[in-house]
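Everything on this sheet refers to the single structure shown next.
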C-alpha cells in the first residue's frame with residue numbers, strides 16, 4: 718500500500734509544529750530511492766560501445782545528466798566527446814578517453830566498461846530504453862523542484878509570487894528540455910534545400926510564397942512562406958487591418 722503524506726494537524730498549531738511537519742515531509746520524500754533505471758543505463762551504454770551508429774539514436778533523447786549514476790554520466794560524456802570529434806566509439810576508445818581525462822578509475826576501470834558490453838546483444842531497442850531513462854530523469858527533476866518549492870513555502874520570509882515564478886520556470890525548463898527532438902541527416906537536409914532552390918528558379922517573379930505588395934519586402938522574403946510565423950506590429954491607426 719502506498720505511503721501517504723502526513724495530513725495537516727487539526728486546530729491550532731503547537732510550538733514546534735512547523736518543524737515537525739517539515740521533518741515528516743522530508744522523511745516521506747527522501748525515504749525512498751529516487752526513480753531510476755540502472756539496468757537500462759547499463760544496456761544503453763553497452764550498446765553504444767557495440768554498434769557504431771547506436772549513439773545517433775539517443776542523441777536527441779539523452780543528455781549526460783539523465784543518467785542516475787555519476788559513473789554512467791562520465792562514460793556517456795566521454796562517448797559524446799568522441800562523437801563530436803568524429804572518432805569511433807567502442808570499448809577501447811572510450812577507455813582511452815576516460816584514461817586521458819583521469820576518470821577511468823572513477824567509473825570502475827576498463828573491467829566495468831567490458832562488463833557493460835556483456836549486458837547487451839545488440840542496439841535494436843536502444844531508443845526505447847533511452848526514453849525510459851529520460852522519463853526517470855524527468856521524475857527526479859519533478860521531485861527536486863517540488864521538494865524545493867515545498868521547503869521554500871514553509872519559510873515565512875518567502876515571497877509567494879517569486880516562489881510561483883520559480884516553480885513555473887523550473888517546470889517549463891523540464892518540459893522544454895525534454896520535448897521530442899529529431900535529428901535529420903545532412904544528406905536529407907541538403908536534398909530538401911536543393912529542391913527548394915530548384916522550385917525558386919522555376920518561378921518567374923522569384924516569389925515562392927504569398928506576395929505582400931511591397932516590392933522590397935518581397936525581394937527579401939520571396940513572399941510569406943507556408944512555414945513562416947508572421948507577426949504584424951504597429952501603432953494604432955497605422956493600417957494593420959487594411960494591410961491584412
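Numbering (this note's numbering), first residue to last: 718 to 961.
Glycine included, C-beta positions come from ideal geometry on N, C-alpha and C.
Just so you know, these numbers come straight off a predicted model, no measurement behind them.
Item	Value
Going by CA-CA distance only, name the one from 911, 909, 941 and 910 that's closest to residue 695.	There is no way to answer for residue 695, as the model of the chain reaches only from 718 to 961.
Along the alpha helix (DSSP H) that carries residue 759, what are the first and last residues, could you check?	755-767
Just the C-alpha distance for residue 879 and residue 892, rounded to the nearest angstrom, thanks.	20 Å
When you compare the region 820-829 with the region 863-878, are there three or more beta-carbon pairs, one atom per stretch, that lie closer than 8 Å?	no
Report the CB separation of residue 847 from residue 778 in whole angstroms; it is logged as a contact under 8 Å.	4 Å
Do you know whose CA, among 870, 757 and 752, lies nearest residue 833's CA?	757
Taking C-beta to C-beta, are residue 771 and residue 851 nearer than 8 Å?	no
Does residue 811 come out as helix, strand or coil in the three-state DSSP assignment?	helix
What's the gap between the Cα of residue 720 and the Cα of residue 953?	Bear in mind that a pLDDT of 44 at residue 720, under 50, signals an unreliable position, so the model cannot answer this.
Assign residue 775 to one of three DSSP states: helix, strand, or coil.	coil
Express the C-alpha separation of residue 890 and residue 807 in angstroms, rounding to a whole number.	33 Å
DSSP three-state label for residue 686, please.	Past the boundaries of the shown model lies residue 686; the chain is included only from 718 to 961, so the question cannot be answered.
On the three-state DSSP scale, how would you describe residue 878?	helix
Taking its Cβ as the centre, do 16 or more other Cβ atoms sit within 10 Å of residue 766, making it buried, or is it exposed?	buried
Assuming residue 917 contacts residue 939 (C-beta within less than 8 Å), just tell me the rounded distance between them.	7 Å
Can you tell me which of 755, 801, 959 and 805 puts its alpha carbon nearest to the alpha carbon of residue 790?	755
For residue 795 and residue 828, I'd like the C-alpha separation in whole angstroms.	16 Å
Could you pull the start and end residues of the alpha helix (DSSP H) that residue 904 belongs to?	903-919
Closest to residue 949 by CA distance: which of 937, 763, 811 and 929 is it?	929
Apart from the five residues just before and just after residue 739, which ones in its own chain have a Cβ nearer than 8 Å to its Cβ?	At residue 739, the pLDDT of 47 sits below 50, so the modelled position is not reliable; the number obtained from the coordinates is stated separately. Excluding positions up to five away in sequence, the list reads 868 and 871.
What residue does the alpha helix (DSSP H) around residue 938 start on, and which one ends it?	932-938
Could you give the first and the last residue of the continuous alpha helix (DSSP H) run that contains residue 790?	787-801
First and last residue of the alpha helix (DSSP H) that includes residue 924?	Looking at the DSSP string, residue 924 is not in any alpha helix (DSSP H), and its letter there is neither H nor E.
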